[in-house]
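Asker: Let me begin by handing over the structure; questions about it come next.
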Amino acid sequence: MTRSPAPLVLLDLDGTLMDSAPGIVASVRHAYDALGLPVPDAATLRSFVGPPITDSFPRHGVPPELLSETVRQYRAAFTAGGMYDNAVFDGVPDALRTLRDAGCTLAVATSKPEVYARPICDRFGLTPLVDDVFGAPLDEATSTKADVIAKALASLGRVSPVDAAADGPVLMVGDREHDVHGAAAHGIGCLGVTWGYAAPGELEAAGAVALVDDVAHLADAVLARLA
Numbered sequence: 001m002t003r004s005p006a007p008l009v010l011l012d013l014d015g016t017l018m019d020s021a022p023g024i025v026a027s028v029r030h031a032y033d034a035l036g037l038p039v040p041d042a043a044t045l046r047s048f049v050g051p052p053i054t055d056s057f058p059r060h061g062v063p064p065e066l067l068s069e070t071v072r073q074y075r076a077a078f079t080a081g082g083m084y085d086n087a088v089f090d091g092v093p094d095a096l097r098t099l100r101d102a103g104c105t106l107a108v109a110t111s112k113p114e115v116y117a118r119p120i121c122d123r124f125g126l127t128p129l130v131d132d133v134f135g136a137p138l139d140e141a142t143s144t145k146a147d148v149i150a151k152a153l154a155s156l157g158r159v160s161p162v163d164a165a166a167d168g169p170v171l172m173v174g175d176r177e178h179d180v181h182g183a184a185a186h187g188i189g190c191l192g193v194t195w196g197y198a199a200p201g202e203l204e205a206a207g208a209v210a211l212v213d214d215v216a217h218l219a220d221a222v223l224a225r226l227a
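Written as structure tokens, this is what we have:
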């Protein structure tokens with residue numbers, strides 16, 4: 001008898017598993033200052049956490065002719081220390097262990113460039129708790145969240161759109177609308193977490209299948225959606 005594949009849980013990184021706002025916000029602020037551009041307000045700066053940085057800068061006042069240099073300045077600050085100015089949310093390691101004990105395959109799927117995501121997961125002890133880590137290419141402009149999810153699915157032997165009956169259930173877990181939309185492009189539902197960086201109502205409007213408000217309830221919420 002053929003065994004069904006294990007349930008697959010794709011996990012966003014920034015705002016879902018980790019509080020990465022301090023390092024990202026400081027690096028974004030540095031980039032605006034370096035180019036002599038007006039620095040956005042605090043709420044706007046926090047909105048940079050999650051989406052590709054190459055999408056966020058043009059949306060918030062960076063003209064096309066300065067985008068490349070703004071991104072370069074951001075990455076210089078980020079790699080100089082900002083990438084490690086973050087912390088795993090309390091309760092996340094326990095939630096990941098619970099999901100693995102329940103037989104789930106776990107993979108990080110982040111819009112952050114993979115060359116940053118892997119060492120960050122190594123530094124903060126997440127790598128041993130998941131089966132793999134997938135991120136964008138360094139040129140984030142060529143990659144969407146849907147592209148990252150496509151890479152994860154292909155690497156883990158799943159097809160798109162997902163056929164849960166044939167290949168086992170798949171669930172995305174994320175804190176921003178692009179997580180929801182990227183998952184939907186592959187026929188995957190997204191469980192929204194509210195401890196991240198979404199604006200009020202953002203996840204509901206995007207079509208998250210459910211919301212979870214406390215990391216302590218994350219594993220149970222995931223398993224309930226996979227049942």
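FYI, in UniProt numbering the residues of the sequence shown are 1 to 227. Quick reminder that beta carbons are idealized off the backbone N, C-alpha and C, glycines included. Please read all numbers here as calculations on a predicted model, not as lab measurements.
1. My parser needs the beta strand (DSSP E) runs of 3 or more residues fully inside the segment 72-120; what are they?
2. Can the beta-carbon of A152 be found closer than 9 Å to that of A109?
3. Going by other Cβ atoms of all chains shown within 10 Å of its Cβ, with 16 needed for buried, is G36 buried or exposed?
4. With distances taken from CA atoms, which of V62, A87, G81 and S20 is nearest residue 229?
5. Give me the DSSP bridge partner(s) of V212.
6. Quick one: what does DSSP say G182 is sitting in, helix, strand or coil?
7. Counting pairs of beta carbons, one from the segment 108-127 and one from the segment 186-193, are three or more of them closer than 8 Å?
8. What is the residue span of the alpha helix (DSSP H) that F57 lies within?
9. Report yes if the CB atom of C121 is closer than 9 Å to the CB atom of L13, and no otherwise.
10. Report the rounded CA-to-CA distance for L11 versus T70, giving the unit in angstroms.
11. As a quick exercise: from A224, L156, F48 and G207, pick the residue whose alpha carbon is nearest that of K112.
12. If I'm right that P5 touches D167 with Cβ under 8 Å, what's the distance once you round it to whole angstroms?
13. Counting Cβ pairs, one atom from each stretch, are 3 or more of them under 8 Å apart for the segment 26-33 and the segment 87-98?
14. Considering G174, what are the terminal residues of the beta strand (DSSP E) in which it resides?
15. Going by DSSP, what residue range makes up the beta strand (DSSP E) through D14?
16. Report the rounded CA-to-CA distance for V133 versus P64, giving the unit in angstroms.
17. Would you mind stating whether L106 and V9 have Cβ atoms separated by less than 9 Å?
18. Just how far apart, CA to CA, sit A198 and G157?
19. Hey, G201 and V180: beta-carbon distance below 9 Å or not?
20. Can the beta-carbon of I149 be found closer than 9 Å to that of A117?
21. When we look at the beta-carbon of L138 and count the other beta-carbons within 10 Å, is it buried (16 or more) or exposed?
22. For A219 versus A102, is the C-beta distance shorter than 9 Å?
Answerer: The short version:
1. 105-113
2. In the sequence shown, counting from the first residue as 1, residue 152 sits at position 152. In the sequence shown, counting from the first residue as 1, residue 109 sits at position 109. In this structure, A109 lies closer than 9 Å to A152 by Cβ.
3. In the sequence shown, counting from the first residue as 1, residue 36 sits at position 36. Answer is exposed; the Cβ neighbour count stays below 16.
4. Beyond the ends of the chain as shown, which are 1 and 227, falls residue 229; an answer cannot be given.
5. Here residue 212 corresponds to residue number 212 of the sequence shown, with the count starting at 1. For V212, which the question treats as bridged, DSSP gives the partners V193.
6. Residue 182 sits at position 182 when you count from the first residue of the sequence shown. G182: helix per DSSP, three-state reduction.
7. no
8. As a position in the sequence shown, residue 57 is number 57, starting the count at 1. Looking at the DSSP string, the run of the alpha helix (DSSP H) that includes F57 is I53 to R59.
9. As a first step, residue 121 is located in the sequence shown; it is residue number 121 there, counting from the start. As a first step, residue 13 is located in the sequence shown; it is residue number 13 there, counting from the start. Against a cut-off of 9 Å, the Cβ pair of L13 and C121 comes out as a contact.
10. Within the sequence shown, the letter at position 11 stands for residue 11. Within the sequence shown, the letter at position 70 stands for residue 70. For L11 and T70, the distance between alpha carbons rounds to 28 Å.
11. Taking the first residue of the sequence shown as position 1, residue 112 is located at position 112. Taking only the C-alpha atoms, the option nearest K112 is F48.
12. Locating residue 5 in the sequence shown gives position 5, where the first residue counts as 1. Locating residue 167 in the sequence shown gives position 167, where the first residue counts as 1. Rounded, the Cβ-Cβ distance is 6 Å, consistent with contact.
13. no
14. Within the sequence shown, numbered from 1, the residue matching residue 174 stands at position 174. Per DSSP, G174 belongs to the beta strand (DSSP E) from V170 to G174.
15. Taking the sequence shown and counting its residues from 1, the one referred to as residue 14 is at position 14. Counting along the chain, D14 falls outside any beta strand (DSSP E), and DSSP gives it neither H nor E.
16. Counted from its first residue, the sequence shown places residue 133 at position 133. Counted from its first residue, the sequence shown places residue 64 at position 64. One C-alpha to the other measures close to 31 Å.
17. In the sequence shown, counting from the first residue as 1, residue 106 sits at position 106. In the sequence shown, counting from the first residue as 1, residue 9 sits at position 9. Yes, they are a contact pair.
18. Counted from its first residue, the sequence shown places residue 198 at position 198. Counted from its first residue, the sequence shown places residue 157 at position 157. Distance between the alpha carbons of A198 and G157: 31 Å.
19. Residue 201 sits at position 201 when you count from the first residue of the sequence shown. Residue 180 sits at position 180 when you count from the first residue of the sequence shown. Cβ atoms of G201 and V180: not closer than 9 Å.
20. As a first step, residue 149 is located in the sequence shown; it is residue number 149 there, counting from the start. As a first step, residue 117 is located in the sequence shown; it is residue number 117 there, counting from the start. Not closer than 9 Å, so no.
21. Locating residue 138 in the sequence shown gives position 138, where the first residue counts as 1. Exposed, by the Cβ-count rule.
22. Locating residue 219 in the sequence shown gives position 219, counting from the first residue. Locating residue 102 in the sequence shown gives position 102, counting from the first residue. A contact, by the Cβ cut-off of 9 Å.
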